[in-house]
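See below for the structure under consideration.
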Amino acid sequence: MSSEADADGAAGEGQPRVEVYPGREVVVDFDPDLTFECVEDCTWCCQHGVLLYEEDFYELAERAPLGETTTQFRGQDFVRKEEKDRDEHVGDDGQACYFLRDDGLCALHDEHDWKPARCSVFPLAVSVEDGEIHVGIRDSAHEHCDGLDVSERRVIDNLDAFLPELLWDLDDPSSEREL
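The numbering of the sequence shown is the UniProt record's numbering, which starts it at 1 and goes up by one.
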């Protein structure tokens, strides 16, 4: 992955364009010096409801019973949320992702070394503008995500870890859709 901006150093209004995979670029709408690393006991990302793209849906079916772990909302498949016995890092409704264990770890990631594409994207926000994929930081991440600017791992240098290649094959890879 190349973390260099394109030849003129910009994409539009001073935003770097980064090739994440060969021939697959994003426009970066965040500070290139931003760092991120998941931190222990932070499960903020688990309260949002996980949209399952078609490929994720089939992958999940190999790991868990879909009837008890998924739900549909507005014609799209999501990992369902459920009540959790936690006071923090759950939504205002006291719910979080079905796969969030009591120890604060994700069962899918910890037990299967896999997570849906939408989970990989956090705390980034993906949008499409003028046919190009843009990536920024979720507005609420600055307030709630404990992993921002706590390490040396620059997000711009590791976009392939956040942005699964399947995003470029989707009609709408936008991360705005929540359960």
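No residue lacks a Cβ here, since even glycine has one placed at the ideal position from N, Cα and C.
Straight-line gap, residue i to residue j (C-alpha atoms, nearest Å)
| i | j | result |
| --- | --- | --- |
| residue 77 | residue 51 | 6 angstroms |
| residue 87 | residue 169 | 38 angstroms |
| residue 174 | residue 150 | 26 angstroms |
| residue 24 | residue 84 | 39 angstroms |
Three-state secondary structure (DSSP) of residue i
| i | result |
| --- | --- |
| residue 111 | helix |
| residue 160 | helix |
| residue 64 | coil |
| residue 35 | strand |
Check whether residue i and residue j have beta carbons under 8 angstroms apart
| i | j | result |
| --- | --- | --- |
| residue 152 | residue 69 | no |
| residue 120 | residue 57 | no |
| residue 21 | residue 165 | yes |
| residue 15 | residue 28 | yes |
| residue 180 | residue 81 | The chain is shown only over 1 to 179; residue 180 falls outside these bounds and no answer can be derived. |
| residue 108 | residue 177 | no |
Segment limits, beta strand (DSSP E) that includes residue i
| i | result |
| --- | --- |
| residue 97 | 95-97 |
| residue 127 | 124-129 |
| residue 17 | 17-21 |
| residue 25 | 24-28 |
First and last residue of the uninterrupted alpha helix (DSSP H) at residue i
| i | result |
| --- | --- |
| residue 121 | 117-121 |
Meets three-Cβ-pair contact criterion under 8 angstroms: the segment 126-141 and the segment 92-103: no
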